[in-house]
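Peer 1: Could you have a look at this structure, given as structure tokens, before my questions?
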């Protein structure tokens with residue numbers, strides 16, 4: 009990677025500022041490339057995780073005996089440190105982008121399943137009763153009543169997973185695909201503050217931006233909840 | 727499964743355990759960093775959480791702190807602290823950085839624990855003539871113990887897990903085994919990487935299980951059943 013011999017070393021003169029426009033300007037391309045990798049890893053991970061997690065939550069909701077094992081499994085996963093997870097994946101999947109993606113999907117999956125299940129379980133019983141009385145079948149009930157009513161819970165899970173995934177992606181440095189984490193790591197190695205600070209601020213802003221986008225999206229698709237949700 | 731055999735061989739070599747900088751040394755360092763970080767987190771978060779909960783103010787602050795720390799990459803904080811001139815590279819930097827991640831669950835649970843105290847109980851305590859301090863110490867705090875214990879457990883498990891990342895910023899701990907293994911390349915160090923991952927997972931699960939037991943013991947029997955749902959822990963579900 010060309011970042012290893014990046015200008016970081018050249019700038020490591022007596023002055024080692026926490027921020028430098030010069031650095032941002034000179035390394036614009038590398039910063040943008042890292043940001044792009046970071047954003048695309050996050051987006052792919054959350055997307056894949058959502059596509060798997062929501063059906064999984066529905067299965068756990070329909071077949072109650074499966075709720076315990078699914079929650080227990082996600083609880084164990086929650087305890088497994090990210091570094092150890094990547095250490096476990098790397099020897100089998102190899103070193104590369106896909107390893108990071110698999111790890112990120114697993115963590116995001118856990119958060120979305122939990123929140124989606126909470127959302128589904130909060131659908132009021134009398135609403136379900138009314139739906140049954142109106143002759144709704146299982147799938148119609150799911151698509152037209154349960155999922156829409158669980159949407160705020162599901163979206164909370166997706167937002168939580170997104171923000172956490174942005175932070176977690178940095179651990180991908182271990183296998184060389186940490187997005188902005190690469191810059192943090194190289195900045196630390198080169199003892200260059202501005203590189204670390206810039207990448208950190210960029211990561212936090214990315215998390216904030218994605219969170220706001222999802223919040224807005226959530227408000228658009230749940231117009232009925234606008235009054236009650238902050 | 728070649729790496730798997732390598733990992734077992736690596737773990738079976740007694741020198742890997744007892745050498746200077748071996749597993750035992752790193753484990754001790756790992757636990758030291760974790761303990762100090764959690765302690766520091768407690769010193770900051772518990773008084774603040776109890777005060778906010780007692781006066782019923784600052785719920786927004788608690789949420790803000792936990793949301794903000796979720797968005798900050800651990801590696802960033804672990805890399806920034808060593809570069810602050812007054813701190814320097816080493817264990818102190820790791821402890822300070824990790825204490826930041828211990829604060830949100832402790833703060834949120836202390837606050838929630840005090841807020842969850844039945845208003846009637848407060849009323850009764852006030853009617854008995856207890857002052858603000860007495861109410862906090864004799865009524866609110868004992869009733870909030872299950873929440874605080876849950877917060878402590880979440881914080882400790884999170885920090886013991888996160889301490890493994892300190893190795894990426896020269897902070898030490900068991901993560902060294904993994905980062906050194908990656909440094910050797912997977913064909914040579916793959917077994918070591920796997921062994922390190924195994925050790926860290928075992929430690930995290932052990933701490934989680936041990937503290938679950940402690941949490942159960944310190945929770946008074948009548949409070950156990952009502953607290954089974956552990957709402958605060960779910961809200962703090964976060965992993966780095």
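Residue numbers (our numbering), protein chains in the order written: chain A, 9 to 238; chain B, 727 to 966.
Glycine included, C-beta positions come from ideal geometry on N, C-alpha and C.
1. Return the residue from the list B:932, B:752, B:913, B:775 that minimises the CA-CA distance to residue 817 of chain B.
2. Work out the CA separation of residue 854 of chain B and residue 212 of chain A for me, nearest whole Å.
3. Determine whether the beta carbon atoms of residue 927 of chain B and residue 88 of chain A lie at a separation below 8 Å.
4. With a cut-off of 8 Å, does the C-beta of residue 931 of chain B fall near any C-beta of chain A?
5. For residue 747 of chain B, which three-state DSSP category applies?
6. Take residue 899 of chain B and list the residues in its own chain whose beta-carbon comes closer than 7 Å to its own, dropping the five residues that flank it on each side.
7. Could you give the distance in angstroms between the alpha-carbon of residue 129 of chain A and the alpha-carbon of residue 811 of chain B?
8. If you draw a straight line from the alpha carbon of residue 730 of chain B to that of residue 108 of chain A, how long is it in whole angstroms?
9. Can you list, in chain order, the stretches of the beta strand (DSSP E) that have 3 or more residues and sit fully within the region 109–191 of chain A?
10. Name, please, each residue of chain B whose Cβ falls closer than 7 Å to the Cβ of residue 229 of chain A.
11. In whole angstroms, give me the CA-to-CA distance for residue 94 of chain A and residue 144 of chain A.
12. Give a yes or no on whether the minimum CB-CB distance between residue 879 of chain B and chain A is below 8 Å.
13. Please list the terminal residues of the continuous alpha helix (DSSP H) segment that includes residue 907 of chain B.
14. Nearest chain B C-beta to residue 195 of chain A closer than 8 Å, yes or no?
15. Which same chain residues end up closer than 8 Å to residue 909 of chain B when comparing Cβ atoms and leaving out the 5 residues on each side of it in sequence?
16. Determine the chain A residues that contact residue 908 of chain B at a beta-carbon separation under 7 Å, and present them in chain order.
17. Quick check on residue 200 of chain A: does DSSP put it in helix, strand or coil?
18. Say whether chain A places a C-beta atom closer than 8 Å to the C-beta of residue 865 of chain B.
19. Just curious, the alpha helix (DSSP H) that residue 809 of chain B is in, first and last residue?
20. At a Cβ threshold of 8 Å, is residue 300 of chain A touching chain B?
21. Residue 92 of chain A versus chain B: which residues are under 7 Å apart at the beta carbon?
22. Got a sec? Which residues, its chain only, sit under 8 Å from residue 779 of chain B by beta carbon, not counting five neighbours each side?
23. Please confirm whether residue 17 of chain A has its beta-carbon closer than 8 Å to some beta-carbon of chain B.
24. Does DSSP classify residue 64 of chain A as helix, strand or coil?
25. Give me the Cα-Cα distance between residue 772 of chain B and residue 829 of chain B, rounded to the nearest whole angstrom.
26. So, for residue 958 of chain B: in the same chain, excluding its five sequence neighbours on each side, which residues have a beta-carbon less than 7 Å away from its beta-carbon?
27. Restricting to runs no shorter than 4 residues, where is the alpha helix (DSSP H) found entirely within the region 759–839 of chain B?
28. Helix, strand or coil, according to DSSP, for residue 861 of chain B in the structure here?
29. Please report the distance separating the alpha-carbon of residue 955 of chain B from that of residue 47 of chain A.
30. Given that residue 35 of chain A touches chain B, what residues does it touch there, using C-beta distances under 9 Å?
31. Show which residues of chain B have a CB atom less than 9 Å away from the CB atom of residue 96 of chain A.
32. Any contact of the region 790–799 of chain B with the region 733–747 of chain B, i.e. 3+ C-beta pairs under 8 Å?
33. Determine, using beta carbons only, whether residue 804 of chain B and residue 895 of chain B come nearer to each other than 8 Å.
34. Since residue 165 of chain A and residue 123 of chain A should fall inside the 8 Å C-beta cutoff, what is the C-beta to C-beta distance between them, to a whole number of angstroms?
35. Just reading off the alpha helix (DSSP H) that residue 843 of chain B is part of, what are its end residues?
Peer 2: Reading from the atomic positions:
1. Taking the first residue of the second chain as 1, we reach residue 817 of chain B at position 91. For the residues B:932, B:752, B:913, B:775, the minimum Cα distance to residue 817 of chain B belongs to B:752.
2. Locating residue 212 of chain A in the first chain gives position 204, counting from the first residue. Locating residue 854 of chain B in the second chain gives position 128, counting from the first residue. When rounded, the distance between both Cα atoms is 50 Å.
3. Position 201 of the second chain, counting from 1, holds the residue named residue 927 of chain B. Position 80 of the first chain, counting from 1, holds the residue named residue 88 of chain A. Yes. Within cutoff.
4. Taking the second chain and counting its residues from 1, one reaches residue 931 of chain B at position 205. By this cut-off, residue 931 of chain B is an interface position.
5. As a position in the second chain, residue 747 of chain B is number 21, starting the count at 1. Residue state, collapsed to three classes: coil.
6. By 1-based counting over the second chain, the position of residue 899 of chain B is 173. Here the set comprises 752, 755, 756, 759, 889, 890, 892, 893.
7. For the purposes of this step, residue 129 of chain A is taken as the residue at position 121 of the first chain. For the purposes of this step, residue 811 of chain B is taken as the residue at position 85 of the second chain. When rounded, the distance between both Cα atoms is 52 Å.
8. Residue mapping note: residue 730 of chain B aligns to position 4 of the second chain, counting from 1. Residue mapping note: residue 108 of chain A aligns to position 100 of the first chain, counting from 1. Distance between the alpha carbons of residue 730 of chain B and residue 108 of chain A: 20 Å.
9. none
10. Your numbering for residue 229 of chain A matches position 221 in the first chain. Correct list: empty, because the minimum Cβ distance to chain B is about 22 Å.
11. If you number the first chain from 1, residue 94 of chain A lands on position 86. If you number the first chain from 1, residue 144 of chain A lands on position 136. Each residue's Cα considered, the two are about 45 Å apart.
12. Here the question's residue 879 of chain B lines up with position 153 in the second chain. Taking Cβ atoms only, chain A never reaches closer than 8 Å to residue 879 of chain B, which makes this a no.
13. Here residue 907 of chain B refers to the residue found at position 181 when the second chain is read from its first residue. First-last of the alpha helix (DSSP H) with residue 907 of chain B: 901–910.
14. For the purposes of this step, residue 195 of chain A is identified with residue 187 of the first chain, where counting begins at 1. So yes, residue 195 of chain A belongs to the interface.
15. The count along the second chain starts at 1 and reaches residue 909 of chain B at position 183. Taken in chain order, the residues that qualify are 915.
16. Taking the second chain and counting its residues from 1, one reaches residue 908 of chain B at position 182. Those are 182, listed as they occur along chain A.
17. Translated into the one-based positions of the first chain, residue 200 of chain A becomes position 192. Coil.
18. As a first step, residue 865 of chain B must be located in the second chain, where it is residue number 139. Not an interface residue.
19. Locating residue 809 of chain B in the second chain gives position 83, counting from the first residue. Where residue 809 of chain B is concerned, there is no enclosing alpha helix (DSSP H), given that its DSSP letter is neither H nor E.
20. Given a span of 9 to 238 for chain A in the structure shown, any question on residue 300 of chain A remains unanswerable.
21. As a position in the first chain, residue 92 of chain A is number 84, starting the count at 1. Neighbours of residue 92 of chain A on chain B, chain order: 890, 923, 926, 927.
22. Locating residue 779 of chain B in the second chain gives position 53, counting from the first residue. Once the five neighbours on either side are set aside, the close Cβ partners of residue 779 of chain B are 836, 837, 838, 839, 840, 841, 866, 870.
23. The residue given as residue 17 of chain A occupies position 9 in the first chain. With a pLDDT of 48 at residue 17 of chain A, under the threshold of 50, the predicted position of this residue should be treated as unreliable, and no value is reported.
24. As a first step, residue 64 of chain A is located in the first chain; it is residue number 56 there, counting from the start. In the structure shown, residue 64 of chain A sits in a helix (DSSP, three-state: H, G or I).
25. Numbered from its first residue, the second chain carries residue 772 of chain B at position 46. Numbered from its first residue, the second chain carries residue 829 of chain B at position 103. Taking the straight line from one Cα to the other gives about 9 Å.
26. Within the second chain, numbered from 1, the residue matching residue 958 of chain B stands at position 232. For residue 958 of chain B, the pLDDT reaches just 41, beneath the cut-off of 50, and the residue's location in the model is therefore unreliable, leaving the point undetermined.
27. 785–797, 800–806
28. Working through the second chain from its first residue, we reach residue 861 of chain B at position 135. Here residue 861 of chain B sits in helix by DSSP.
29. For the purposes of this step, residue 955 of chain B is taken as the residue at position 229 of the second chain. For the purposes of this step, residue 47 of chain A is taken as the residue at position 39 of the first chain. Bear in mind that the predicted position of residue 955 of chain B carries a pLDDT of just 45, short of 50, making it unreliable; the figure below should be weighed with that in mind. Using only the alpha carbons, I get a separation of about 35 Å.
30. Taking the first residue of the first chain as 1, we reach residue 35 of chain A at position 27. Ordered by position in chain B, no residue passes the 9 Å Cβ test against residue 35 of chain A, which lies about 17 Å from the chain.
31. Stepping through the first chain from its first residue, residue 96 of chain A is reached at position 88. Near residue 96 of chain A (Cβ distances below 9 Å), the residues of chain B are 919, 920, 923, 924, 927.
32. no
33. Against the second chain, residue 804 of chain B aligns to sequence position 78. Against the second chain, residue 895 of chain B aligns to sequence position 169. Yes.
34. Walking along the first chain from the start, residue 165 of chain A turns up at place 157. Walking along the first chain from the start, residue 123 of chain A turns up at place 115. That belief holds up - the Cβ atoms of residue 165 of chain A and residue 123 of chain A are roughly 3 Å apart, short of 8 Å.
35. Counting from 1 along the second chain, the entry for residue 843 of chain B is found at position 117. First-last for residue 843 of chain B: undefined, no H or E at that position.
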